[in-house]
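Asks: Numbering (the numbering used here), first residue to last: 739 to 940.
#1: With a CB to CB cut of under 7 Å and the five nearest residues on each side skipped, what residues in its chain are close to residue 804?
#2: Output the distance between the C-alpha atoms of residue 819 and residue 938, rounded to the nearest integer angstrom.
#3: Just checking, does the stretch 802-816 make contact with the stretch 921-938 on the three C-beta pairs under 8 Å criterion?
#4: Take residue 773 as the anchor and find which of 786, 787, 826 has the nearest alpha-carbon.
#5: In terms of residue numbering, what span does the beta strand (DSSP E) encompassing residue 868 cover?
#6: For residue 927, does the three-state DSSP call read helix, strand or coil?
#7: Which residues share a DSSP beta bridge with residue 939?
#8: May I ask which residues mark the beginning and end of the beta strand (DSSP E) holding residue 861?
#9: Excluding sequence positions up to five away, which residues of its chain have a Cβ less than 6 Å from the Cβ of residue 848?
#10: Can you round the beta-carbon distance between residue 927 and residue 801 to whole angstroms, since I take them to be within the 8 Å contact cut?
#11: Among the candidates 912, 879, 929, whose CA atom is the shortest distance from the CA of residue 776?
#12: Along the chain, where does the alpha helix (DSSP H) containing residue 885 start, and where does it finish?
#13: Is the distance from the Cβ of residue 929 to the Cβ of residue 784 below 7 Å?
#14: From the DSSP output, in three-state form, read off residue 783 for me.
#15: In the structure shown, what three-state DSSP assignment does residue 775 receive?
#16: Answer with buried or exposed for residue 919, where buried requires no fewer than 16 other C-beta atoms within 10 angstroms of its C-beta.
#17: Only counting the same chain, and skipping five residues up and downstream in sequence, which positions put a Cβ closer than 6 Å to that of residue 846?
#18: Using 7 Å as the threshold, is the C-beta distance between residue 807 and residue 794 below it?
#19: Straight-line CA distance for residue 869 to residue 858?
#20: Considering just the uninterrupted stretch of the alpha helix (DSSP H) at residue 809, what are its terminal residues?
#21: Confirm, please, whether the CB-CB distance from residue 811 to residue 855 is below 7 Å.
If you want it as structure tokens, here you go:
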């Protein structure tokens, strides 16, 4: 004669199963919230970058003194750094299955672009570049560089919002975002003769 499983063991098994399902749902929901937050932060940062670039360019066109542009350039640099960290977080937590994501196809990153807007200098592929604030003036070439950055930011915003019908961020996959980032950064490869970064070379 078979022994019957005690009722309390069945109850425990059902409770454990229910707890496991709830934990999985909770984790999935939390991850989706984080994903949407990272994408919202990315879009918000890009819109701020575009707006601030437009303000700087209009100010320069109207002969705004350099000192008034300094604060805007510093804020703009910080916005690129914030964008960099948001995308790095997204890349870390949302890699395609079986892959590690870097989110940048080369050394050109939003963090790097942010540094070109302030007073430092550096070297890339044997070429020295000066940050826009390095010599306390904004040259015609630097104005052209800022103009190219504005176009790149606007193109990235358009690419994300085009895929974001009715604010459904779920439509934006990690691989699609990688494409959008690549389209932005690839233009700045200094191997290209028309790379905007060449405008900052000595």
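The beta carbon of each residue, even a glycine, is placed where N, CA and C say it ideally should be.
Source: prediction; values computed, not measured.
Replies: Working from what's here:
#1: 874, 875, 876
#2: Those two C-alpha atoms are separated by around 19 Å.
#3: no
#4: 826
#5: Residue 868 -> beta strand (DSSP E) spans 865-868.
#6: coil
#7: 867
#8: Residue 861 -> beta strand (DSSP E) spans 859-862.
#9: 818, 821, 822
#10: Contact flag wrong, Cβ pair sits at about 34 Å.
#11: 912
#12: 878-900
#13: no
#14: DSSP, reduced to helix, strand and coil, places residue 783 within a helical segment of the structure shown.
#15: Correct three-state label for residue 775: helix.
#16: buried
#17: Closer than 6 Å at the Cβ level, and outside the excluded window around residue 846, lie 923, 926.
#18: Yes. Within cutoff.
#19: 5 Å
#20: 804-831
#21: yes
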